[in-house]
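Worksheet for the structure shown next.
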Amino acid sequence: MLLEARNVRVTYRSAHGPVRAVDGLDLDVDEAEIFGLVGESGCGKSTVVKALLRLLPDSASVEADVLRFNGEDLLSMPRVRFRRHVLMRQIALVPQSAQNSLNPVQPVGAQIVEGIRAHSNISAAKARERVVELFDIVGLQPELVSRYPHQFSGGMRQRAMIAMALAFEPSLIVMDEPTTGLDVLVQERLLGRIRAIRERVSLSILLITHDIGVVAETANRVGVMYAGRMVECAPTLALFCESQHPYTLGLKNAFPSILDLERELISMPGSPPDMASPPVGCAFVARCPFALDACGAARPAAVDVGVNHTSACIRTAQIGQMRAAAMRKATWHS
Amino acid sequence: MALLSVEHLTKHIRIGNGLGAALRGADPSWIKPVEDLNFSIDEGEIVGIVGESGCGKSTTCNLLSKLDVPTSGTIRLNGEDVTAVSGGKALTEYRKQVQLIFQDPFDSLNPRLRVFDIVAEAPRALKLWDAGETARRVARMLDMVGLPPGRYAQRFPHQMSGGERQRVGIASALIAEPRLVIADEPVSMLDVSIRAGVMDLLRDLSRRLKFSCLYVSHDLSILTHLCDRVMVMYLGQLVEVASSAELVGAPRHPYTLALVAAVPVPDPRYKREPADIKGELAKPIDPPPGCRFAPRCSLAMPQCTCTPEMKSVGIAHTVACHAVQGDMPQGAVVPSLAASGTPRDAARQTFAELILSRSRYDNPR
Amino acid sequence: MNTPTVKAPPPLQGGRLPRGTALIAREIGENLKVIFADKLGAFGAIVIAFALLVAIFGPWLVPHDPYESLKMANGKMAILQAPSAAFPLGTTNLARDLLSQMILATRTTMIIGVASGLVSIVIGANIGLIAGFYGGRIDNALMRLTDVVYGMPFLPFIIVLISLFGRSIGFVILAIVVIVWRTSARVIRAQTMAIKQRQFIAFARARGASDLRIIYRHIAPNILPLLLLYTSFNIAWAIVTEASASFLGFSDPNAITWGSILQDLWASGYTQAAWWWFLEPSAAIVLLVSAFVFVSRAYEVVANPRLGER
């Protein structure tokens, strides 16, 4: 197991008091797999990875029972060692809106060279060679190295940021909403390129997105987050075809598919809970049509419901009836 | 008679050149976001426009809602030519009939105004009713969009979620009882689980209040769910118009084929063919004459430098493409190709067959 | 995009907005909250309030006629007396009571300062709003006008006015207004241009709002923090400018202002000897101007984050 995280908790200090952005999350990413982390905005998915990479401000407290990468314990690792050996070298991050974080007055290649040299002692000439190599991996023409960001399209800029992340051959790349804001054709091309990169350079990818269509076709395994917790985690096929959590069912209801125009889209009423006071029981209890009293009493543990498939719900035994009921609009809006 | 009809609608913007080009006496550049659009919207219809960034859909919204002025072409509302309407009484009358719902729920509401004032903006600006009547109608409208006035009327935008703000936007557009509502990607900035609710609201209200809707989006999945008919735009040109089912079931234009092929489907068993399209999306600056998709099209032919006509290829299904034969009998799936059986024709056939006959799965949950 | 934790205010009947006085009262209340949140702002507000009280009740508080040469208890003329029980702020070389002079001067200064400040902000704001909103030729014309005024130096301008029309407070106010409106016009124009691009302006236009309605109902409320900042600043500037003018003798000779008190001092030649005569008007000018600047600063804190508020 490349990345192991157990019971990750992240608390922010805000003007209104402490806010639990991540509330006891378990996460495993294996070698050479694409793991899709899915959830709505505010569920904590970006916070989790920033916590892993120690990119949160000091006012945020990060705790975990286990946080291991490649066998090494990340929790107790001194900051200097983390900066030099882990960040960018073993785990690289392509942040949200990465394509907008390029300096408009500097050629793209030069910016990546700067990025490389900031993290190592490589000579400028070697760094430039590496950039050409990286551009090749991400499918950008070598002459683009000296061009400016405005001469790149959105998809190309995103690929340039991925090139930067690949610079030190990390074992894990985290991509935060890489396709958001991109046109459909560009998105398709980028996802294809991501898959191709993974074939060529053996690494794992942690793909964070709110779009289940993207993970359906790209990820090997998917984890669904809600209110700072992992509610279901399974191989992609199992997650979609044998969903075992009401939130996953609700999520699928809300996504239109061009294959099934007749299906009625059903929205989930309500909104995520206020994380300034995290719910005692299941986080989804307020919006779940199948909630029992027991659901609000105690937090459900993640139970094994299949091969490599966990769901944090106490009613997984009735999942068959729940699936059937979830397809009817009246179940959610009565 | 159609509610709204648009003929040869065009928008060209001239941009100056840099000093060097000016000294050389070079011609000025033109941005041509919208080129020769022809379409109509009937009463009670929900029509969609789909396209990627730069396709001109936002410009079209602005032209139809009179936030922008067309360079040439005609806009007719209820048969009456309203192209030249740009101010005064005529514009007020126009705005009573045609309203706009905005994309960004966070920027489209005045942060200093309360919900009541935001929704009452149209009646006040258009001088529709007196204060008492306005208050009554605002309350009724807020109820209709699912925001009880007692709880919401006095709130400021920053005290509400994205979905709630968008409902306020919808209420403010519908309160004047327009006949046509133009919705510019109203749900794209909302959370996924909230989108369905807002889309449903729009559809319900369109039936209850009897207005037509022009829904513009880049998301084909949403459009085909919501709309009766969908129009596909590429770089300012209208390339295909069809019913939702036919657009995804039997797309004919190469761009539409690529678009439909590229839409992500939330079903991991569905293996789609990659979209057969090359190059990057261009900007509509000094575009080449003729079909603007030709530079990226694998079926491009010499005659593509001439803009193709919109041809009928089925019931209420039109395509603007030289590679597609018009007037197909109903139900025909693969276009019958020009005679000679050249490799290009074979490629066309394979291409079409590949996309049209890809396996589809029913979606058990 | 999560559920906000801010509670909505209690609903009013029929969802209607409170009109008139209730609205103004609410706005004032909110502004006071802003000012008092900042310590310096609070200090400034208190000083301004004090000056306002003195200005309003001045004529009733004045113990002596400011021009009367006074006698002390022992019958001698009260010339150049340091502050004492009889004359809390001391006297001048002509035995005039400085307390009376200071009180009346506060009144005059406040009137001139506030009047010039307010008039200049009204002019500057409107020019800025209209130039920023319309752009094009109107903007060019208005900005050329502003440029011309920028080029006008204050002293020569007031000298010309006085030479042509004689000395009067009116001309001082006019000269100050003419000079002071220009900065706020530029800044407000820039802000207007930025706000014009926001979606809620297109929203208002799509709903049928006329240009004037958009400017005053939609844009103006959003530049309010900036307006208040500049109002305060303009008043501060007006006070300093007025003091300079009257010190140099360009003001109405019959009006008593802090500048004129200093003028008297300087003309008398007793600058070194009569420290109280020097200290009082100088301190007053510094205090009041600082007070307005502090209040401006308190608004600056609001004006910036407010712009990015979501």
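Protein chains in written order, with this note's numbering: chain A, 179 to 512; chain B, 4 to 368; chain C, 2 to 311.
Ideal Cβ placement from N, Cα and C applies to all residues, glycine included.
Note that the structure is predicted; figures quoted are calculated from it, not measured.
Residues of chain B with a Cβ closer than 7 Å to the Cβ of residue 154 of chain C do not exist, since the nearest Cβ in that chain sits about 35 Å away. Within the model, the alpha-carbon separation for residue 272 of chain B versus residue 394 of chain A is close to 8 Å. Contact between the region 206 to 223 of chain B and the region 41 to 52 of chain B is present: three or more C-beta pairs spanning the two stretches fall below 8 Å. An exposed status is given to residue 299 of chain A, since fewer than 16 other beta-carbon atoms sit within 10 Å of its beta-carbon. A straight-line Cα-Cα distance of about 11 Å links residue 361 of chain A and residue 331 of chain A. In this structure, the alpha-carbon of residue 174 of chain C lies about 15 Å from that of residue 106 of chain C. Pairing residue 406 of chain A with residue 206 of chain A gives a Cβ-Cβ distance that is not under 7 Å. Our two residues, residue 227 of chain A and residue 188 of chain A, have alpha carbons roughly 11 Å apart in a direct line. Proximity to residue 295 of chain B across B:35, B:182, B:138, B:30 peaks at B:35, based on C-alpha coordinates. Classified as exposed, residue 263 of chain A has fewer than 16 neighbouring CB atoms from the shown chains inside 10 Å of its CB. Separation of residue 8 of chain B and residue 369 of chain A (C-alpha to C-alpha, rounded to the nearest whole angstrom) is 39 Å.
Under the three-pair Cβ rule at 8 Å, the region 200 to 212 of chain C does not count as touching the region 282 to 290 of chain C. Looking at the DSSP output, residue 148 of chain C shares a beta bridge with no other residue. Cβ proximity to chain B below 8 Å picks out 434, 435, 436, 437, 438, 439, 441, 443, 444, 445, 446, 447, 449 from the region 434 to 457 of chain A. Sorting A:215, A:473, A:375, A:338 by C-alpha distance to the C-alpha of residue 309 of chain A places A:338 at the top. Contact check for residue 129 of chain C and residue 187 of chain C: beta-carbon distance about 7 Å, within the 8 Å limit, so the pair qualifies. Within chain A, no residue has its beta carbon less than 9 Å from that of residue 104 of chain B; the closest one is some 18 Å off.
Contact check for residue 101 of chain C against residue 60 of chain C fails: the beta carbons are separated by 7 Å or more.
Residue 195 of chain B has a beta carbon lying within less than 7 Å of a beta carbon in chain A. Any Cβ of chain B closer than 7 Å to the Cβ of residue 157 of chain C would place that residue at the interface, and such an atom is absent. Looking from the CA of residue 240 of chain A, the closest CA among A:220, A:212, A:283, A:196 belongs to A:196. Chain order gives the chain A residues near residue 266 of chain B as 362, 391, 436, where near means a beta carbon separation below 8 Å.
Taken through DSSP and simplified to helix, strand or coil, residue 196 of chain A comes out as strand. The DSSP-derived three-state label of residue 82 of chain B is coil.
Nearest to residue 195 of chain C by alpha-carbon distance, out of C:92, C:143, C:276, C:133, is C:133.
A check of alpha carbon separations from residue 237 of chain C across C:290, C:257, C:180, C:46 identifies C:290 as the nearest. Going by beta carbons, residue 312 of chain A and residue 341 of chain A fall inside the 7 Å limit. Flagged as an interface residue toward chain B: residue 214 of chain C, by a C-beta distance shorter than 7 Å. Proximity to residue 220 of chain A across A:468, A:404, A:481, A:446 peaks at A:404, based on C-alpha coordinates.
Here residue 156 of chain B really is in contact with residue 118 of chain B; their C-beta atoms are around 5 Å apart, less than 8 Å.
Around the beta carbon of residue 278 of chain C, a 10 Å sphere encloses 16 or more other beta carbons of the protein chains shown; the residue is thus reported as buried. Within chain C, 208, 209 have C-beta atoms less than 7 Å from the C-beta of residue 125 of chain B, given in sequence order. Beta bridge pairing from DSSP links residue 251 of chain A with A:246.
Between residue 105 of chain B and residue 172 of chain B, the gap from beta carbon to beta carbon is short of 7 Å. Straight-line measurement puts the Cα of residue 261 of chain B at about 29 Å from the Cα of residue 201 of chain B. Taking a C-beta distance under 7 Å as the contact criterion, residue 300 of chain C and residue 230 of chain C qualify as a contact pair.
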